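Worksheet for the structure shown next.
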Amino acid sequence: MTAYLARLVPTFASTSRVILSGSSAGGFGALANWWQTQQAFGTVRVDLIDDSGPPLPAPYLTETLEQTWRNAWNLAAAMPAGCTACADDLDAVMGFYGMQLPGHRAALLSYTRDGVIGAFFQLNGDSVEAALGALAGELAPYDIWRHFYVTGSSHTMLGSPGVSQNGVTVRTFVAQMVDDDPAWASVEP
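Read in order, the letters of the sequence shown correspond to residues 2 to 190 in my numbering.
In structure tokens:
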């Protein structure tokens, strides 16, 4: 990501806002690299859309599995240096962003029983749903975060903007985020 930013920042030097997004593994990557991206763009506001890359909290992410990921992906290098809690809990990065990036916006998109995330975390559908509920609770205190949860076991949404929950489409949810609409709110079953 550092090499990409070295090219992207000068190319888009006059931009007024950046939306960093990723789906699936790219959602995890966007989340892990949001701080680095914001630092690279300086005073330009960088917002985040994490599509189906939820950093599920313990006990849903086991310590053994988390350590495997940390080693395989060198997550220590990607996590913000100031996030001391990130050394023990990957999901702590969301609270860190919530405290450090006021005025920004961040969205987490997920199906409630996402089968790919279930396989990745070694969880069944009920546990994925419970983990997403726990994660939503962790995000609730931070004004920058909203989530869009849809009933089902599919994976990723940005490629299907008509996907909806409770009459709200992904397209509408993302548009409200990008437009800084004060009506932007979390959506869940």
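A virtual CB, placed ideally from N, CA and C, is assigned to each residue, including glycine. Fair warning: this is a prediction, and the values are worked out from it, not measured in the lab.
Suppose the cutoff is 7 Å on Cβ atoms and the five residues either side in sequence are ignored; what does the same chain contact list for residue i look like?
i      : result
Trp70  : Leu76
Val179 : Ile20
Thr170 : Pro162, Gly163, Val164
Val10  : Ala41, Phe42
Val45  : Thr16, Ser17, Arg18, Val19
Ala186 : Arg147
With distance defined between alpha-carbon atoms, name the residue in the options nearest to residue i.
i      : options                        : result
Leu49  : Thr63, Leu133, Pro103, Glu67   : Pro103
Leu21  : Tyr98, Gln101, Ala107, Thr3    : Ala107
Arg147 : Ser165, Gly99, Asn125          : Gly99
Pro81  : Ala176, Trp36, Asp144          : Trp36
Ala141 : Asn125, Phe121, Asp115, Leu109 : Leu109
Phe121 : Val188, Ala4, Leu66            : Leu66
So who's on the other strand from residue i, going by DSSP bridges?
i      : result
Arg46  : Arg18
Phe174 : Note: Phe174 sits in no beta bridge, so no partner.
Val169 : Gln166
Val188 : Phe149
Let me know if residue i comes out buried or exposed under the rule of 16 or more other beta-carbons within 10 Å of its beta-carbon.
i      : result
Pro60  : exposed
Glu130 : buried
Asn167 : exposed
Leu91  : buried
Gly83  : exposed
Gly119 : buried
Asn34  : buried
Ala184 : exposed
Gly160 : exposed
Gln39  : buried
Ala79  : buried
Asp127 : exposed
Leu124 : buried
Asp115 : buried
Phe174 : buried
Give every residue of the same chain whose Cβ lies closer than 6 Å to the Cβ of residue i, excluding the five residues on either side of it in the sequence, and list them in chain order.
i      : result
Leu6   : Ala41
Gly155 : In the sequence as presented, Gly is not what sits at residue 155; that position holds Ser. Result list for Ser155: Tyr112, in chain order.
Gly28  : Asp51, Asp52, Ser53, Gly54
Thr152 : Thr113, Pro190
Arg8   : none
Gly86  : As written in the sequence, residue 86 is Ala, which differs from the Gly given in the question. Cβ within range, chain order: Ala93.
Arg172 : Pro162
Val47  : Val19, Leu21, Thr38, Gln39
Gly23  : Gly30, Ala31
Spatial neighbours of residue i within its chain, please: CB distance less than 8 Å, with the 5 preceding and 5 following residues excluded, ordered by chain position.
i      : result
Ser25  : Asp52, Ser53, Gly54, Val117, His156, Thr157
Pro58  : Asp90, Asp92, Ala132, Ala135, Leu136, Glu139
Pro56  : Phe29, Leu32, Leu62, Leu91, Asp92, Val94, Met95, Leu136
Ile145 : Tyr98, Gly99, Leu102, Pro103, Gly104, His105, Arg106, Ala107
At least one CB of chain B closer than 8 Å to the CB of residue i: is that the case?
i      : result
Gln101 : Chain labels in this structure do not include chain B; a single protein chain is all it has.
Exercise. Could you pull out every unbroken alpha helix (DSSP H) segment of at least 4 residues lying fully inside the region 18 to 89, listed in chain order?
Key: 26 to 42, 64 to 74, 76 to 79
Quiz item: At which residue ranges does the region 81 to 164 contain complete beta strand (DSSP E) runs of 3 or more residues, listed in the order of the chain?
Solution: 107 to 112, 146 to 151
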